[in-house]
Amino acid sequence: MLEKIGRLIDSDVLVVGGGAGGLWAALSAKRHFPEGRITLVDAHMVGRTGHTAFSNAWMVMVSPEDDLDACVRDIVEGNEWIAEQELIREVLSLSYGQVLDLERMGLRFAREGGQFVRRPTRGLRVTKVLKPVGGGLEFCWVLRKALESEGIRIVERIFVTDLLQDDHGWIAGAAGIDGRSGEFCVLRAKATVLATNSVTFRAGFVRDLTGTGPVLAYRAGAAITNAEFGYLRPATPKFYFEGITFAIQDGAKFVNAAGEPFMEKYEPDWADQADVQLISKAMVMEKRAGKAPLYLDMSLVPEEKREDYLHSTVAWMDYFYKKLGERARIDMFGRTEYYPFYQMTKMAIKTDSGCRASLPGLFAAGLAQASCATHFAGFHIGACNGTGWIAGRSAAALAREVQAPAVSEAGAASLKDKIRRGFGEGHDRAEDELLFELQKLIFRYDLSILKTEERLSEAVGALAGIEEKLAATKAGHTHGFVRLRETEAMVEAAKLIFIASRARQESRLSHIREDFPKRDDRNWLRWVLLRRRGGEAEVSTEPIATPLVPPPREASP
Amino acid sequence: MIVDIELDKCTSCGLCDPICPADVIHMERNGDREFPAIKYPEHCVTCFNCEIFCPTQCIDVHPIVRRRPLPW
């Protein structure tokens, strides 16, 4: 009896993660399988926490009068062909209907003359984005209410520790603990959608993204990809400022220690208006030329425009800007020291165009799904909406056809025992120290921004030391246990990032190899795939299908 | 980072506990009522959620975030 081992929650479709991807996946599963039992679990409070809730919720939308094929080409070219073309086409083609659906649920978008108000976004030529009134908080809350009204069960404060697998490797749900009481939970399901986000290594825009989802999928044997790509941007460790692009348009410039602007030297066409990852690379070159520290000079933003920067439609940022001057005595319009920063990995679960992972019973949505390799403002939440819908639909189709999977009592008991063994006498802040060790490594500019094979190999070795200490560390309470397991997942993610970065022997997008400085379309229009085999990461590559947007001419032999 | 909860203004509504994405605030019993306690201030992610949603504005979050290691 599984009920005797822990709290048992039975579902037809289980969705893990309550951001844009997970909320849409649950809704889609219910609409494609109305009599099905659909459960969404989240580590915190659905609608009020997580990456989507803390964002503006800018999202891509292709309306019926737009040129869909041109938008697909836009996204594929912007990703330098590291993109699932058919999936992206469907995501874009769903986007208009999803925005109308959100309006019907009660979410508001600005309209002028009946038309949605949209704007272009950095890095894309024709594709446009829009945001809801009230940003991510309102977006997530409206979706949460829709889920509740459509009979979807929401279970909160569950920290998923493992995926359940039957004897044939079929994913049969998940196991985890209540994030407060520590109670063991078995979440048995016919189909499981992972929609758990990416990894920020507890820094950057949202500091609670620890990437446990893709790592759980990897541990279960699923293929993951895009670990060599990330989101690079200039940032200051003192505070968060999301308006760099607009500030630069209003006159702000990056300058070196001598006060000289330097971007024109590295990016003559774009200068400071270059993409953030090119600015990050230029900052590294300037540092190597001995010209650090580097600053963003916001004093060049005209007085009359400054007021705009002290407000945000994102509630937390608005509070933040309001309090920065008053409480921290930081003048945002001065010269602030900036560093190139590796904010987030693009590592995610490899799926087919139906968001099916390489293990039966497993699906992926949101940033846990690898639709593409770069990070356009506004595209990624659009992609989360679309992949959520597609993953929920695929999961519902499977759940309609199959019987409940067999989850053995012995298997569940052994997972519970593994969790129990993670508790014990331990010093309270051990996980914080190990996290800091990990951050010191992953944020190093010569590992996360400019890479070489030699340095990447050394970094993999350095991680082994952290892994060893983590394995020997026990948690004294549930809070510490969750933090330890998250740190463990982040260490594993870092290892996969270094291994994938070593495998891709070219430079493309945010993946910059000093020893292979050129983009190589002839050899590298391929996915770098990582699978766990015998406890180690097995690396392989697979050609990227180009059914809709042909590859660049250089790719031909 | 979260710095203070003015308990004399707190109504014990309990919202600040689940709304924290970092499990920093725990409701704890004190006499016949539960009050929020700042259990893990060092894990605060400075999202201001508790301050924003508190119905009596009795929570104060300082805007400076915990430093991360630098790239050089």
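Residue numbers (this note's numbering), protein chains in the order written: chain A, 1 to 557; chain B, 1001 to 1072.
Glycine residues also receive a C-beta, built at the ideal position from the N, C-alpha and C atoms.
Since we're looking at a predicted model, the values are computed, not measured.
At the 8 Å Cβ level, is tyrosine 339 of chain A part of the contact set with chain B, yes or no? For the purposes of this step, residue 339 of chain A is taken as residue 339 along the first sequence, with counting starting at 1. By this cut-off, tyrosine 339 of chain A is an interface position.
Using a threshold of 8 Å, state whether the C-beta atoms of proline 234 of chain A and tyrosine 338 of chain A are closer than that. As a first step, residue 234 of chain A is located in the first sequence; it is residue number 234 there, counting from the start. As a first step, residue 338 of chain A is located in the first sequence; it is residue number 338 there, counting from the start. Their beta carbons are under 8 Å apart, which means proline 234 of chain A touches tyrosine 338 of chain A by this criterion.
Determine whether the beta carbon atoms of glycine 47 of chain A and cysteine 140 of chain A lie at a separation below 8 Å. One-based indexing of the first sequence puts residue 47 of chain A at position 47. One-based indexing of the first sequence puts residue 140 of chain A at position 140. Yes, the Cβ-Cβ distance between glycine 47 of chain A and cysteine 140 of chain A is below 8 Å.
Apart from the five residues on each side of it in sequence, which residues of its chain come closer than 6 Å, Cβ to Cβ, to aspartate 1004 of chain B? Looking up residue 1004 of chain B in the second sequence gives position 4. Excluding sequence neighbours, aspartate 1004 of chain B sits near Asp1060.
Are the beta-carbon atoms belonging to alanine 459 of chain A and leucine 450 of chain A less than 8 Å from one another? Stepping through the first sequence from its first residue, residue 459 of chain A is reached at position 459. Stepping through the first sequence from its first residue, residue 450 of chain A is reached at position 450. No. Outside cutoff.
Contact set between the segment 235-248 of chain A and chain B, restricted to residues whose Cβ is under 8 Å from the partner: Pro237, Lys238, Phe239 and Tyr240
Assigned secondary structure, serine 198 of chain A (DSSP; H/G/I helix, E/B strand, else coil): If you number the first sequence from 1, residue 198 of chain A lands on position 198. Reduced to three states, the DSSP call for serine 198 of chain A is coil.
Can the beta-carbon of leucine 216 of chain A be found closer than 8 Å to that of aspartate 162 of chain A? Here the question's residue 216 of chain A lines up with position 216 in the first sequence. Here the question's residue 162 of chain A lines up with position 162 in the first sequence. Between leucine 216 of chain A and aspartate 162 of chain A, the C-beta spacing is below 8 Å.
When burial is assigned at 16 or more other CB atoms within 10 Å of the CB, is asparagine 256 of chain A buried or exposed? As a working mapping, residue 256 of chain A is identified with position 256 in the first sequence. Classification for asparagine 256 of chain A: buried.
If you compare alpha carbons, which of A:Thr452, A:Lys287 and A:Thr121 is closest to glycine 378 of chain A? For this step, residue 378 of chain A is matched to residue 378 along the first sequence. Selected option, being the one with the closest Cα: A:Thr121.
Which residue comes first and which comes last in the alpha helix (DSSP H) that contains threonine 487 of chain A? Residue 487 of chain A sits at position 487 when you count from the first residue of the first sequence. Bounds of the alpha helix (DSSP H) holding threonine 487 of chain A are 478-503.
Are the C-beta of glutamate 1051 of chain B and some C-beta of chain A separated by less than 8 Å? Working through the second sequence from its first residue, we reach residue 1051 of chain B at position 51. For glutamate 1051 of chain B, the answer is yes, since a Cβ of chain A falls inside 8 Å of its Cβ.
Within chain A, partners of isoleucine 1064 of chain B - CB distance below 7 Å: Start at 1 with the first residue of the second sequence, and residue 1064 of chain B comes out as number 64. Under the 7 Å cutoff, chain A gives Lys238, Phe239 and Ala328.
Can you grab the Cα-Cα spacing for the pair tryptophan 170 of chain A / isoleucine 38 of chain A, in whole Å? Your numbering for residue 170 of chain A matches position 170 in the first sequence. Your numbering for residue 38 of chain A matches position 38 in the first sequence. For tryptophan 170 of chain A and isoleucine 38 of chain A, the distance between alpha carbons rounds to 19 Å.
Closest Cβ-Cβ distance between aspartate 1023 of chain B and chain A: below 8 Å? Here residue 1023 of chain B is taken as the residue at index 23 of the second sequence, counted from 1. By this cut-off, aspartate 1023 of chain B is an interface position.
Under the three-state reduction of DSSP, which class applies to tryptophan 81 of chain A: helix, strand or coil? Within the first sequence, numbered from 1, the residue matching residue 81 of chain A stands at position 81. It is coil, neither helix nor strand.
At a CB distance below 7 Å, what residues from the segment 12-45 of chain A approach chain B? Give them in sequence order. His44 and Met45
Using a Cβ cut-off of 8 Å (strictly closer), state whether aspartate 432 of chain A contacts chain B. To locate residue 432 of chain A, count along the first sequence from 1; it is residue 432. For aspartate 432 of chain A, the answer is yes, since a Cβ of chain B falls inside 8 Å of its Cβ.
Using a C-beta cutoff of 8 Å, does serine 375 of chain A count as contacting chain B? Position 375 of the first sequence, counted from the start, is the residue given in the question as residue 375 of chain A. Note on residue identity: the sequence assigns histidine, not serine, to residue 375 of chain A. Not flagged as an interface residue toward chain B: histidine 375 of chain A, since no C-beta distance is shorter than 8 Å.
Starting from the C-beta of alanine 53 of chain A, find all residues in its chain whose C-beta is less than 6 Å away, skip the five residues before and the five after it, and write them out in chain order. Numbered from 1 along the first sequence, position 53 holds the residue referred to as residue 53 of chain A. Taken in chain order, the residues that qualify are Gly136, Leu137 and Cys140.
Going by alpha carbons, who is nearest to alanine 29 of chain A out of A:Val13, A:Ala20, A:Asp42 and A:Gly19? Against the first sequence, residue 29 of chain A aligns to sequence position 29. For the residues A:Val13, A:Ala20, A:Asp42 and A:Gly19, the minimum Cα distance to alanine 29 of chain A belongs to A:Val13.
Name, going along the chain, the residues of the segment 1005-1021 of chain B whose beta-carbon falls closer than 7 Å to a beta-carbon of chain A. Pro1018, Ile1019 and Pro1021
Residue span of the alpha helix (DSSP H) that contains serine 1012 of chain B, given as start and end: For the purposes of this step, residue 1012 of chain B is taken as residue 12 along the second sequence, with counting starting at 1. That residue, serine 1012 of chain B, is in no alpha helix (DSSP H); it is neither H nor E in DSSP.
Quick check on glutamate 156 of chain A - is its C-beta less than 8 Å from some C-beta in chain B? The residue you call residue 156 of chain A lines up with position 156 of the first sequence. Yes - at least one Cβ of chain B is within 8 Å of the one on glutamate 156 of chain A.
Does chain A have any CB closer than 8 Å to the CB of cysteine 1047 of chain B? On the second sequence, position 47 is the one that residue 1047 of chain B refers to. Answer yes: the Cβ-Cβ gap between cysteine 1047 of chain B and chain A drops below 8 Å somewhere.
Tell me the DSSP secondary structure of methionine 105 of chain A in three-state form. Translated into the one-based positions of the first sequence, residue 105 of chain A becomes position 105. The answer is helix: DSSP assigns methionine 105 of chain A an H, G or I state.
Rounded to whole angstroms, what's the CA-CA distance from glutamate 1051 of chain B to cysteine 1016 of chain B? Just pull it up for me. Counting from 1 along the second sequence, the entry for residue 1051 of chain B is found at position 51. Counting from 1 along the second sequence, the entry for residue 1016 of chain B is found at position 16. In a straight line, the C-alpha of glutamate 1051 of chain B is about 8 Å away from that of cysteine 1016 of chain B.
CB of phenylalanine 333 of chain A within 8 Å of CB of valine 301 of chain A, strictly: For the purposes of this step, residue 333 of chain A is identified with residue 333 of the first sequence, where counting begins at 1. For the purposes of this step, residue 301 of chain A is identified with residue 301 of the first sequence, where counting begins at 1. Yes. Within cutoff.
Mind listing the chain B neighbours of arginine 444 of chain A? Cutoff is C-beta to C-beta under 7 Å, in chain order. Translated into the one-based positions of the first sequence, residue 444 of chain A becomes position 444. Within chain B, the residues near arginine 444 of chain A are Pro1071.
Assigned secondary structure, glutamine 343 of chain A (DSSP; H/G/I helix, E/B strand, else coil): As a working note, residue 343 of chain A is residue 343 in the first sequence. Strand at glutamine 343 of chain A.
May I ask you to list the residues that DSSP assigns as paired with isoleucine 38 of chain A? Working through the first sequence from its first residue, we reach residue 38 of chain A at position 38. Isoleucine 38 of chain A is bridged to A:Val13.
Is the Cβ of glutamate 1028 of chain B closer than 8 Å to any Cβ of chain A? As a working mapping, residue 1028 of chain B is identified with position 28 in the second sequence. Glutamate 1028 of chain B does not count as touching chain A.
Shorter than 7 Å, the distance from the beta carbon of valine 215 of chain A to the closest heavy atom of the ligand ADP, or not? The ligand ADP is not among the ligands present in this structure, which contains no ligands whatsoever.
Taking 8 Å as the CB-CB limit, is arginine 1068 of chain B close to chain A? For the purposes of this step, residue 1068 of chain B is identified with residue 68 of the second sequence, where counting begins at 1. Chain A contact via Cβ: present.
Which residues of chain A have a Cβ atom closer than 9 Å to the Cβ of glutamate 1042 of chain B, listed in chain order? The sequence position of residue 1042 of chain B within the second sequence is 42, counting from 1. Per Cβ cutoff of 9 Å: Arg429 and Asp432.
Pick out the complete alpha helix (DSSP H) segments inside the segment 411-439 of chain A, 4 residues or longer, and give them in chain order. none
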